[in-house]
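Engineer:
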Amino acid sequence: MMMKKFVKILSAMMLLLVVACGKTTKTDEPSKVNGNKADVVATEKLVVNEDVEFKVMHVNDIHGRVDAGKYDGMGLARVSTIVKQTRAEDPNVLFLDAGDTIHGTVFAALTKGASVVRVMNEMGYDAMTTGNHDYNYGLDRIEKLQNTMNFPVVVSNLTYKDTGEKAFKPYTIKTLPNGVRIGIFGLATPETAYKTNPANVEAVTFDDPIAAAKESVTALEAQGVNYIVALSHLGVDEDSVYTSIKVAQEVDGIDLIVDGHSHTALEEGMLVDETLIVQSGFYDKNLGEVTVKLGKDGSKVETAKLFTKEYAMENVEEDPAIRAIIDEVNTENDKITSVVVGETPVLLVGERNEVRAGETNLGDMITEAMLAKTGAEGVITNGGGIRASIQKGIITRGNIISVLPFGNYVVVKEITGQDLKDAIENGVQSYPDARGAFPHVAGFTFKFDPTKEVGNKVYDVTFNNGEKLDLTKTYKIATNDFMAVGGDKYASLKGKKTVNEYESIEEILGQYIKVNGITHTSVDGRVFAGTKIEKEVSDASVYTVQSGDTLRTISKKTGIDMDTILKENKKITNPDIIFVGEKIALPKAN
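When the letters of the sequence shown are read in order and numbered with mature numbering (1 follows the signal peptide of the UniProt record, and there is no 0), they come out as residues -20 to -1, 1 to 570.
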């Protein structure tokens, strides 16, 4: 048999949430005010004629990570096995995707998402919505890929500027074998306007998700559905203007929100009013499943759980049909990706939380390559554009594409010193929280004080020739085409004069390594976060952070425990993030 038995529920490995809700019969009574909800007359869903059960299986934020092992996920071949066997036991199953799926790896990028769609078609997806990174190839590419999909793309809050028409179907209705009619509508994050290249979505407007959700629910209820699912790429991060939590609070009638964007594994789901929000994390580390029981008396019971990567790797075999597609695509891609570019004696760090909150050796080398290519006076690029590390050893073109999969090209802008300072301020405003806008630079160094207010954190910018930044002077600064048009909220770069354009950063980095080898085995200390120690007391000394230091290694070197170091250094708000050159006060060991 091609697959192992696995659907028996192991309570130690799968966390459950049971939600019991009241009747959903039609009523003419106004709904109660709940949180931010307004008083509206409810037009409720139809009650089923008999007790029924079905499942909603879901993934989100795959980011092109279809294969197991490489990216710490179970791989879509195992996800497919679980979905197919679940359907074999009971065909009343929906399989949904909350977006950020078709971009992010060599596997995805070399075919501009077509290879991922092949896998999705074989797996039997029922619907997906779009994530911000799904637009990285451009809106027109998604429209073309949609013609090859065996399932609909639903987005209710995306309209064309010129016609006012919806860019995608706002919703779809799926009738299961047991007769249950399920309405599914999609919500795209308005953050897409600056979290993909703005040029990719310049023809459309991302509308208010809450208004679009209300419109979709009303339309679906009017068509006699029994259950409503929102496929949402809004996430649950508090710093987002629109979140799935806010949608659940403000929109009546949504039974289930299958969420994405915030990369959150909601192990037990999240109940907001009468709406259950689920999210499976990211990179196919988990597969979500919600079992829904609808009663003819109007009752509803939802049970949420996650199939974990650990469970799947031990208990689930790969779907051979998916494995065959992956192998075929990889064989074809190998002709391009296996070309050797160079060799590195050290790990080149490009991990998400590292490049979005600090300087890394890989970030330094990428910007140095951009500087060497352009001859600009400085370079600034965003950490969110660096998508992977390069392991010690041989470097192939595939490795470089994995690091820089977006195809961004280099743009040299003519900007003022004030524009550059404003750009750096934008990049560091969320520190120490990891943010895609965090700046990696070359040609200059900068210092900033995380304790100062937003817009007033940067206090020293010095160019390699020793000159301090002159706010009134004009500089030629290289960046990527995403930031050049205001991506990641780099507003000070938008609309400024473009003096030159170059090939993709991926090509430039490959050429640089071929000629120069690995020039940055450690960080240069281009970024300094912190203030001068205000007072020095007799029982304390000052330690300057060196390359490779962490608070843990400093603690071992000095014999001072980490808690004591943190108490002495209130400016360190995140113990996992310190910078080369940062000054740390060390009290004497007891």
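Heads up, the beta-carbon is just placed ideally off N, CA and C, and yes, glycines get one too.
Pull up the distance between the alpha-carbon of A173 and that of G261, whole angstroms please.
Structural biologist: As a first step, residue 173 is located in the sequence shown; it is residue number 193 there, counting from the start. As a first step, residue 261 is located in the sequence shown; it is residue number 281 there, counting from the start. Between A173 and G261, the C-alpha separation is close to 23 Å.
Engineer: Please report the Cβ distance between N137 and L167, rounded to the nearest whole angstrom; I am assuming they are in contact, meaning their Cβ atoms lie under 8 Å.
Structural biologist: As a working mapping, residue 137 is identified with position 157 in the sequence shown. As a working mapping, residue 167 is identified with position 187 in the sequence shown. Confirmed, Cβ separation roughly 6 Å.
Engineer: Answer yes or no: do F508 and K432 have a C-beta to C-beta separation smaller than 9 Å?
Structural biologist: The sequence position of residue 508 within the sequence shown is 528, counting from 1. The sequence position of residue 432 within the sequence shown is 452, counting from 1. Result no, Cβ atoms of F508 and K432 do not sit closer than 9 Å.
Engineer: Which of helix, strand or coil does DSSP assign to E450?
Structural biologist: Locating residue 450 in the sequence shown gives position 470, where the first residue counts as 1. The amino acid at residue 450 is misidentified as Glu; the sequence shows Asp. Reduced to three states, the DSSP call for D450 is coil.
Engineer: Could you compute how far the alpha carbon of N295 sits from the alpha carbon of H38?
Structural biologist: The residue given as residue 295 occupies position 315 in the sequence shown. The residue given as residue 38 occupies position 58 in the sequence shown. If I take the Cα positions, the gap works out to 19 Å.
Engineer: Taking DSSP's pairing of strands, which residues face F287 in a bridge?
Structural biologist: The residue labelled residue 287 in the question sits at position 307 within the sequence shown. DSSP output for F287 lists L267 as bridge partner(s).
Engineer: Identify the continuous beta strand (DSSP E) that holds E182 and give its terminal residues.
Structural biologist: Translated into the one-based positions of the sequence shown, residue 182 becomes position 202. Segment: none, E182 is in no beta strand (DSSP E) and carries neither H nor E.
Engineer: Helix, strand or coil, according to DSSP, for K280 in the structure here?
Structural biologist: Taking the first residue of the sequence shown as 1, we reach residue 280 at position 300. Residue state, collapsed to three classes: strand.
Engineer: I want to know whether the segment 283 to 299 touches the segment 465 to 477 - three or more CB-CB distances under 8 Å.
Structural biologist: Fewer than three Cβ pairs drawn from the segment 283 to 299 and the segment 465 to 477 lie within less than 8 Å of each other, which leaves the two stretches out of contact.
Engineer: Quick test of your reading: T376 and T459, contact by CB under 8 Å. State the CB separation rounded to the nearest angstrom.
Structural biologist: Locating residue 376 in the sequence shown gives position 396, where the first residue counts as 1. Locating residue 459 in the sequence shown gives position 479, where the first residue counts as 1. Actually they are not in contact, since the Cβ atoms of T376 and T459 sit about 27 Å apart, beyond 8 Å.
Engineer: With respect to the alpha helix (DSSP H) encompassing K315, which residues constitute its N-terminal and C-terminal limits?
Structural biologist: If you number the sequence shown from 1, residue 315 lands on position 335. First-last of the alpha helix (DSSP H) with K315: P300 to T317.
Engineer: Comparing alpha-carbon positions, which option in M129, D80 and L546 lies nearest G111?
Structural biologist: Locating residue 111 in the sequence shown gives position 131, where the first residue counts as 1. Comparing Cα-Cα distances from G111 to each of M129, D80 and L546, the minimum goes to D80.
Engineer: What is the DSSP secondary structure of F386, reduced to helix, strand or coil?
Structural biologist: Mapped onto the sequence shown, residue 386 falls at position 406. Three-state result, F386: coil.
Engineer: Which of the three DSSP states is assigned to K551 in this structure?
Structural biologist: The residue you call residue 551 lines up with position 571 of the sequence shown. K551: coil per DSSP, three-state reduction.
Engineer: Based on Cα-Cα distance, which residue from V133, G364, G144 and V281 lies nearest to P150?
Structural biologist: Taking the first residue of the sequence shown as position 1, residue 150 is located at position 170. The shortest C-alpha separation from P150 is found at V133.
Engineer: Should Q203 be labelled buried (16 or more other beta-carbon atoms within 10 Å of its own) or exposed?
Structural biologist: On the sequence shown, position 223 is the one that residue 203 refers to. Exposed, since its Cβ has fewer than 16 Cβ neighbours within 10 Å.
Engineer: Verify whether the separation of the beta carbon atoms of G53 and K226 is less than 9 Å.
Structural biologist: For the purposes of this step, residue 53 is identified with residue 73 of the sequence shown, where counting begins at 1. For the purposes of this step, residue 226 is identified with residue 246 of the sequence shown, where counting begins at 1. Not closer than 9 Å, so no.
Engineer: Who does F424 pair with in a DSSP beta bridge?
Structural biologist: Position 444 of the sequence shown, counted from the start, is the residue given in the question as residue 424. F443.
Engineer: By Cβ distance, which residues of its chain are closer than 7 Å to G435, with the 5 residues on each side in sequence left out?
Structural biologist: The residue labelled residue 435 in the question sits at position 455 within the sequence shown. Contacts found: E405.
Engineer: Any chance the segment 488 to 499 sits against the segment 365 to 381, with 3 or more Cβ pairs inside 8 Å?
Structural biologist: Yes: at least three Cβ pairs fall under 8 Å.
Engineer: In the DSSP assignment, find the unbroken beta strand (DSSP E) run with F559 in it and report its ends.
Structural biologist: On the sequence shown, residue 559 is found 579 positions in, with the first residue counted as 1. Taken as a continuous stretch (DSSP letters only), F559 belongs to no beta strand (DSSP E), as it is neither H nor E.
Engineer: Between the alpha carbons of P555 and E483, how many angstroms are there, rounded?
Structural biologist: The residue you call residue 555 lines up with position 575 of the sequence shown. The residue you call residue 483 lines up with position 503 of the sequence shown. Cα-Cα distance, rounded: 38 Å.
Engineer: Here's a check: name, in chain order, each residue in its chain whose Cβ is nearer than 7 Å to the Cβ of A368, leaving out the five neighbours to either side.
Structural biologist: Your numbering for residue 368 matches position 388 in the sequence shown. Once the five neighbours on either side are set aside, the close Cβ partners of A368 are G330, S382 and V383.
Engineer: In three-state terms, what does DSSP make of G261?
Structural biologist: Within the sequence shown, numbered from 1, the residue matching residue 261 stands at position 281. Looking at G261 - three-state DSSP - the assignment turns out to be coil, as it is neither helix nor strand.
Engineer: Assuming G163 and V205 are in contact, meaning their beta carbons sit under 8 Å apart, how far apart are those beta carbons, in whole angstroms?
Structural biologist: Residue numbering aside, residue 163 sits at position 183 when the sequence shown is read from its first letter. Residue numbering aside, residue 205 sits at position 225 when the sequence shown is read from its first letter. Yes, they are in contact, since the Cβ atoms of G163 and V205 sit about 4 Å apart, within 8 Å.
Engineer: In chain order, what residues of the same chain lie with their CB nearer than 7 Å to the CB of V32, ignoring the 5 residues before and after it?
Structural biologist: Working through the sequence shown from its first residue, we reach residue 32 at position 52. So the qualifying residues of the chain are N158, V160 and L274.
Engineer: Is it right to say Y411 is buried, meaning 16 or more other beta carbons lie within 10 angstroms of its own, or is it exposed?
Structural biologist: Numbered from 1 along the sequence shown, position 431 holds the residue referred to as residue 411. Label assigned to Y411: buried.
Engineer: Please state whether DSSP places M250 in a helix, a strand or coil.
Structural biologist: In the sequence shown, the residue the question calls residue 250 occupies position 270. In this structure, M250 counts as strand in the three-state DSSP scheme.
Engineer: Looking only at C-alpha atoms, which of R67, K154, M129 and N180 sits nearest to G118?
Structural biologist: The count along the sequence shown starts at 1 and reaches residue 118 at position 138. Measuring from the Cα of G118, the nearest candidate turns out to be N180.
Engineer: Using only the alpha-carbon positions, how far apart do A18 and V231 sit?
Structural biologist: Taking the sequence shown and counting its residues from 1, one reaches residue 18 at position 38. Taking the sequence shown and counting its residues from 1, one reaches residue 231 at position 251. Residue placement at A18 is flagged as unreliable, the pLDDT there being 31, under the threshold of 50; the coordinate-derived value follows with that caveat. Roughly 9 Å between the two C-alpha positions.
Engineer: Can you tell which of I488, K276, A147 and R121 has the C-alpha that lies nearest to the C-alpha of V135?
Structural biologist: Here residue 135 is taken as the residue at index 155 of the sequence shown, counted from 1. Measuring from the Cα of V135, the nearest candidate turns out to be A147.
Engineer: Measure the alpha-carbon distance for N549 versus D142 and round it to whole angstroms.
Structural biologist: Along the sequence shown, one-based indexing puts residue 549 at 569. Along the sequence shown, one-based indexing puts residue 142 at 162. C-alpha separation (whole angstroms): 55 Å.
Engineer: Could you give the DSSP three-state label for P189: helix, strand or coil?
Structural biologist: Walking along the sequence shown from the start, residue 189 turns up at place 209. P189: helix per DSSP, three-state reduction.
Engineer: In the DSSP assignment, find the beta strand (DSSP E) that holds Y482 and state where it starts and stops.
Structural biologist: Working through the sequence shown from its first residue, we reach residue 482 at position 502. First-last of the beta strand (DSSP E) with Y482: K477 to S484.
Engineer: DSSP state of Y115, grouped into three classes?
Structural biologist: Within the sequence shown, the letter at position 135 stands for residue 115. DSSP places Y115 in helix when its eight states are reduced to three.
Engineer: Exposed or buried, which one is H308 when buried takes at least 16 other CB atoms within 10 Å?
Structural biologist: Within the sequence shown, numbered from 1, the residue matching residue 308 stands at position 328. According to the sequence shown, residue 308 is Glu rather than His. Looking at its Cβ environment, which holds fewer than 16 other Cβ atoms inside 10 Å, E308 is exposed.
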